[in-house]
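Peer 1: Let me give you the structure first, and then I'll get to my questions.
There are 2 protein chains.
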Amino acid sequence: MSVFTPVSEADLAQWLRNYSLGELKVSEPIEAGIENTNYFVTTTQGRYVLTLFERLPAEELPFYLQLMAHLARHGIPCPAPIADLSDRYLGVLNGKPAALVTRLPGRSLQDPHPAHCAELGALLARMHLAGRSYSAFLENPRGPRWWRLAARDVAPFLDDAKRKLLEAELAFQAEQRFPDLPRGPVHADLFRDNTLWEDGRISGVVDFYFAGVDCFLYDVAVCANDWCLDGAGLQAERLRAFLGAYNAVRPFTAHERAAWLAMLRAAALRFWLSRLYDLYLPRPGMLVHAHDPEHFRRILEARAGSPAPWLA
Amino acid sequence: MSVFTPVSEADLAQWLRNYSLGELKVSEPIEAGIENTNYFVTTTQGRYVLTLFERLPAEELPFYLQLMAHLARHGIPCPAPIADLSDRYLGVLNGKPAALVTRLPGRSLQDPHPAHCAELGALLARMHLAGRSYSAFLENPRGPRWWRLAARDVAPFLDDAKRKLLEAELAFQAEQRFPDLPRGPVHADLFRDNTLWEDGRISGVVDFYFAGVDCFLYDVAVCANDWCLDGAGLQAERLRAFLGAYNAVRPFTAHERAAWLAMLRAAALRFWLSRLYDLYLPRPGMLVHAHDPEHFRRILEARAGSPAPWLA
Numbered sequence: 001m002s003v004f005t006p007v008s009e010a011d012l013a014q015w016l017r018n019y020s021l022g023e024l025k026v027s028e029p030i031e032a033g034i035e036n037t038n039y040f041v042t043t044t045q046g047r048y049v050l051t052l053f054e055r056l057p058a059e060e061l062p063f064y065l066q067l068m069a070h071l072a073r074h075g076i077p078c079p080a081p082i083a084d085l086s087d088r089y090l091g092v093l094n095g096k097p098a099a100l101v102t103r104l105p106g107r108s109l110q111d112p113h114p115a116h117c118a119e120l121g122a123l124l125a126r127m128h129l130a131g132r133s134y135s136a137f138l139e140n141p142r143g144p145r146w147w148r149l150a151a152r153d154v155a156p157f158l159d160d161a162k163r164k165l166l167e168a169e170l171a172f173q174a175e176q177r178f179p180d181l182p183r184g185p186v187h188a189d190l191f192r193d194n195t196l197w198e199d200g201r202i203s204g205v206v207d208f209y210f211a212g213v214d215c216f217l218y219d220v221a222v223c224a225n226d227w228c229l230d231g232a233g234l235q236a237e238r239l240r241a242f243l244g245a246y247n248a249v250r251p252f253t254a255h256e257r258a259a260w261l262a263m264l265r266a267a268a269l270r271f272w273l274s275r276l277y278d279l280y281l282p283r284p285g286m287l288v289h290a291h292d293p294e295h296f297r298r299i300l301e302a303r304a305g306s307p308a309p310w311l312a
Numbered sequence: 001m002s003v004f005t006p007v008s009e010a011d012l013a014q015w016l017r018n019y020s021l022g023e024l025k026v027s028e029p030i031e032a033g034i035e036n037t038n039y040f041v042t043t044t045q046g047r048y049v050l051t052l053f054e055r056l057p058a059e060e061l062p063f064y065l066q067l068m069a070h071l072a073r074h075g076i077p078c079p080a081p082i083a084d085l086s087d088r089y090l091g092v093l094n095g096k097p098a099a100l101v102t103r104l105p106g107r108s109l110q111d112p113h114p115a116h117c118a119e120l121g122a123l124l125a126r127m128h129l130a131g132r133s134y135s136a137f138l139e140n141p142r143g144p145r146w147w148r149l150a151a152r153d154v155a156p157f158l159d160d161a162k163r164k165l166l167e168a169e170l171a172f173q174a175e176q177r178f179p180d181l182p183r184g185p186v187h188a189d190l191f192r193d194n195t196l197w198e199d200g201r202i203s204g205v206v207d208f209y210f211a212g213v214d215c216f217l218y219d220v221a222v223c224a225n226d227w228c229l230d231g232a233g234l235q236a237e238r239l240r241a242f243l244g245a246y247n248a249v250r251p252f253t254a255h256e257r258a259a260w261l262a263m264l265r266a267a268a269l270r271f272w273l274s275r276l277y278d279l280y281l282p283r284p285g286m287l288v289h290a291h292d293p294e295h296f297r298r299i300l301e302a303r304a305g306s307p308a309p310w311l312a
């Protein structure tokens with residue numbers, strides 16, 4: 001379903017001759033992706049993930065690959081792109097831009113305990129600190145400008161109550177200005193699915209293909225809305241563990257404390273909108289994976305109707 | 001013995017605040033080094049080796065660290081330097097230039113079988129191919145110029161027979177010119193001690209602090225003189241496995257075939273000289289580790305008195 005561009009073993013064996021990774025042993029398509037074509041690739045040297053980029057503009061790919069390379073060489077457990085014999089991370093395979101990255105060990109986690117949330121918080125803060133010296137720039141591709149475009153496209157499909165909620169939230173967010181929040185590269189999609197765990201530690205942070213430059217606090221909010229969820233609300237113990245561990249590595253500023261509730265709402269809005277978009281305006285090959293938008297509508301309503309939750 | 005500059009846990013914990021590696025868990029001095037101060041360092045993120053550079057000129061260190069970074073991002077299993085929060089590989093700790101690199105798994109191997117030699121040959125060739133796109137330059141620090149300087153210093157300590165052997169070999173090597181041999185960054189010290197093995201595969205190639213730019217064939221000769229040794233001669237089965245596997249990845253050129261015997265002699269000369277130097281002109285802290293120079297004198301004599309051994 002999610003292999004948009006098949007890659008035969010013969011294609012791959014030939015392509016690997018551009019690399020210093022030894023001989024192909026096994027390749028296996030990864031069914032889970034909805035944006036790109038991915039294969040697990042094992043060579044005599046090691047284990048890798050091959051990605052053929054199906055959606056992203058080619059000119060944006062260096063931002064993602066160089067960001068992963070930057071974070072990896074700072075010790076963040078993220079996939080490290082492999083350079084080919086011409087010293088490039090990006091090649092072309094079967095007509096698509098393609099890259100190989102290291103395959104990290106571990107498994108994702110669906111039921112995080114407070115200790116897991118603390119581990120995540122510390123790693124997220126370390127990733128943000130390491131990212132500050134990354135010099136490339138790409139606006140968060142799912143930021144305010146995209147919200148407005150997506151809202152215009154999905155509004156015709158919504159009932160009155162939802163359209164009003166959407167309009168009200170866009171109006172609220174349009175009044176928020178965060179010029180003083182610390183910014184840098186953010187993952188922007190660090191859901192439970194995008195972490196790998198081994199022995200109680202995060203062994204991998206994966207899928208950087210929604211990354212961009214934005215407020216670090218936005219990344220914190222995206223995580224809180226997934227990792228610390230209790231119904232549509234936030235579970236106090238996990239939230240405190242997450243935020244406390246983050247704050248111990250990169251202390252929140254006063255501006256961040258003031259912006260926290262608005263940022264939780266922004267993070268909920270972004271995923272409500274993308275899920276609405278994928279539901280009503282799906283691209284080919286995406287249908288079976290569409291997530292229910294209602295999940296994030298409920299989160300948005302819950303955040304918009306609550307006082308600001310605790311920020312460490 | 002080999003910790004020239006002690007680093008306390010408090011020093012190290014403070015220094016680690018420049019990195020995105022989490023908190024210090026354990027540090028442990030490494031006694032084996034004879035050139036630098038090394039510690040194993042474990043943090044909440046992972047396992048690293050800390051090196052304080054005691055001998056190398058500070059201006060040469062970027063060549064080594066960038067070379068390791070280059071090879072690592074090409075998939076060669078070598079230590080990857082960790083960048084600090086200012087995006088630098090090199091810092092200063094207790095007054096010495098210092099760097100952290102990843103600690104690789106595995107153990108070294110003292111009794112290589114032909115299959116191990118084949119594994120080594122393939123990896124060495126892949127390392128050479130990956131190194132061709134590395135643009136920094138440092139002359140092999142133990143090349144012909146150094147031979148002549150070292151020979152002058154150790155000659156007064158040698159008996160007549162050894163001095164004659166040394167002079168004859170220097171004269172022979174002075175006649176060799178290899179302008180047409182493929183060149184690039186070479187490890188130049190890839191003895192059995194400097195590889196780590198796991199499950200029959202090389203999990204690490206370590207200690208790049210004798211690396212420089214030279215003929216790739218010189219690296220091949222250094223390895224052959226250690227890995228394929230049988231007395232002072234070369235053991236045919238291991239040599240064929242090693243050279244055959246190398247040749248399958250990077251085929252030897254006609255010029256390399258013609259230069260092979262001279263290169264084996266050059267590689268033996270280099271280590272005979274450095275061992276003589278360390279024996280007769282030791283630096284403080286080195287004495288207990290001095291290797292017997294006779295080992296490489298015998299190898300040099302054996303190579304100089306033999307026809308060229310098989311080159312794949």
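From first to last, the protein sequence lines stand for chains A and B.
In this text, residue positions in the first sequence follow our numbering: the first is 1, and each later residue adds one.
In this text, residue positions in the second sequence follow our numbering: the first is 1, and each later residue adds one.
Glycine included, C-beta positions come from ideal geometry on N, C-alpha and C.
Kindly indicate the opening and closing residues of the alpha helix (DSSP H) around A:V3.
Peer 2: Neither: A:V3 is in no alpha helix (DSSP H) and is coded neither H nor E.
Peer 1: For the 8 angstroms Cβ check, are there 3 or more pairs between the stretch 202-216 of chain B and the stretch 70-80 of chain B?
Peer 2: Contact between the stretch 202-216 of chain B and the stretch 70-80 of chain B is present, with at least three C-beta pairs closer than 8 angstroms.
Peer 1: Are the CB atoms of A:V328 and A:G244 nearer to each other than 8 angstroms?
Peer 2: The question about residue 328 of chain A has no answer here: the residues shown for chain A are numbered 1 through 312.
Peer 1: Rounded to a whole number of angstroms, what is the C-alpha to C-alpha distance between A:L120 and A:E237?
Peer 2: 14 angstroms
Peer 1: Count the other CB atoms, across all protein chains shown, that sit within 10 Å of the CB of A:F63; report buried if there are 16 or more and exposed otherwise.
Peer 2: buried
Peer 1: Would you check if the distance between the CB atom of B:R107 and the CB atom of B:W197 is smaller than 8 angstroms?
Peer 2: Pairing B:R107 with B:W197 gives a Cβ-Cβ distance under 8 angstroms.
Peer 1: For B:L287 and B:E31, what's the separation of their Cα atoms in angstroms?
Peer 2: Residue placement at B:L287 is poorly supported in this model, since its pLDDT is 48, which falls under 50; the coordinates still yield a value, given next. Roughly 14 angstroms between the two C-alpha positions.
Peer 1: Would you verify that the beta carbon of A:H74 is, or is not, closer than 8 angstroms to some beta carbon of chain B?
Peer 2: yes
Peer 1: Look at the alpha carbon of B:F40 and the alpha carbon of A:A259, and state the distance between them as a whole number of angstroms.
Peer 2: 42 angstroms
Peer 1: Is A:V249 near the ligand ATP, judged by its Cβ being under 7 angstroms from some heavy atom?
Peer 2: Inclusion of the ligand ATP in the displayed structure is not the case, the ligand content being empty and no account of it being possible.
Peer 1: Listed in chain order, which residues of the stretch 13-43 of chain A have Cβ atoms closer than 7 angstroms to some Cβ of chain B?
Peer 2: Y19, S20, L21, G22
Peer 1: Taking the alpha-carbon positions, what's the A:Y218 to B:Y19 distance?
Peer 2: 23 angstroms
Peer 1: On the DSSP bridge assignment, give the partners of A:V186 in chain order.
Peer 2: A:G212
Peer 1: Between A:G212 and chain B, is there a C-beta pair that is closer than 8 angstroms?
Peer 2: no
Peer 1: Sort B:L90, B:A125, B:H187 by Cα distance to B:L138 and report the nearest one.
Peer 2: B:H187
Peer 1: Can you list the residues of chain E that B:L65 reaches, using a CB-CB cut of under 9 angstroms?
Peer 2: Here the protein chains are A and B, and chain E is not one of them.
Peer 1: Assign A:D84 to buried or exposed, taking buried as 16 or more other Cβ atoms, counted over all protein chains shown, within 10 Å of its Cβ.
Peer 2: buried
Peer 1: At the 8 angstroms Cβ level, is A:Q45 part of the contact set with chain B, yes or no?
Peer 2: yes
Peer 1: Quick one: which unbroken beta strand (DSSP E) runs of 3-plus residues sit fully inside the stretch 211-299 of chain B? Chain order, please.
Peer 2: 212-215
Peer 1: Report, in whole angstroms, the separation of the C-beta atoms of A:L65 and A:Q45, which I expect to be a contact under 8 angstroms.
Peer 2: Between A:Q45 and A:L65 the Cβ distance is about 19 angstroms, and since that is not below 8 angstroms, they are no contact.
Peer 1: So that I know if they touch, is there some Cβ in chain B lying closer than 8 angstroms to that of A:R183?
Peer 2: no
Peer 1: Pop quiz: A:L181 and A:W147 are said to be a contact at Cβ under 8 angstroms. What is the actual Cβ separation, rounded to whole angstroms?
Peer 2: At roughly 18 angstroms, the Cβ-Cβ gap does not stay under 8 angstroms, so A:L181 and A:W147 are not in contact.
Peer 1: Does DSSP put B:V154 in a helix, a strand or coil?
Peer 2: helix
Peer 1: 8 angstroms is my cut-off, CB to CB: does B:A69 come that close to chain A?
Peer 2: True, the Cβ-Cβ gap to chain A drops below 8 angstroms.
Peer 1: Along chain A, in chain order, which residues have C-beta atoms closer than 8 angstroms to that of B:R103?
Peer 2: By Cβ distance, chain A contributes nothing, its closest Cβ being about 12 angstroms from B:R103, past 8 angstroms.
Peer 1: From A:E256, A:V249, A:D292, pick the residue whose C-alpha is nearest to that of B:R17; which is it?
Peer 2: A:V249
Peer 1: Return the first residue and the last residue of the alpha helix (DSSP H) that B:F172 is part of.
Peer 2: Here the alpha helix (DSSP H) through B:F172 covers 160-175.
Peer 1: Who pairs with A:V7 in a beta bridge, going by DSSP?
Peer 2: According to DSSP, which records beta bridges pairwise, A:V7 is partnered with nothing at all.
Peer 1: Looking at the C-beta of B:R126, does it have a partner C-beta in chain A at a distance below 8 angstroms?
Peer 2: With 8 angstroms as the cut-off, B:R126 counts as an interface residue toward chain A.
Peer 1: Taking B:E119 as part of the alpha helix (DSSP H), name the residues at either end of that continuous run.
Peer 2: Where B:E119 is concerned, the enclosing alpha helix (DSSP H) stretches over 114-131.
Peer 1: Tell me, which residues are paired with B:S27 by DSSP?
Peer 2: When beta bridges are read from the DSSP output, B:S27 appears opposite B:V41.
Peer 1: In terms of alpha-carbon separation, which member of B:F53, B:M127, B:R257 lies closest to B:R67?
Peer 2: A small fix is needed here, since residue 67 of chain B is Leu in this sequence, not Arg. The residue with the shortest Cα to Cα distance from B:L67 is B:M127.
Peer 1: Helix, strand or coil, according to DSSP, for A:P141 in the structure here?
Peer 2: coil
Peer 1: Would you grab the beta carbon distance between A:R240 and A:W310 for me? Rounded to a whole angstrom, and I think it's under 8 angstroms.
Peer 2: 6 angstroms
Peer 1: Report buried or exposed for B:D111, applying the criterion of at least 16 other Cβ atoms within 10 angstroms of its Cβ.
Peer 2: Burial state of B:D111 is exposed, judged by a 10 Å Cβ sphere holding fewer than 16 other Cβ atoms.
Peer 1: Chain B beta carbons: is any one of them nearer than 8 angstroms to that of A:L85?
Peer 2: yes
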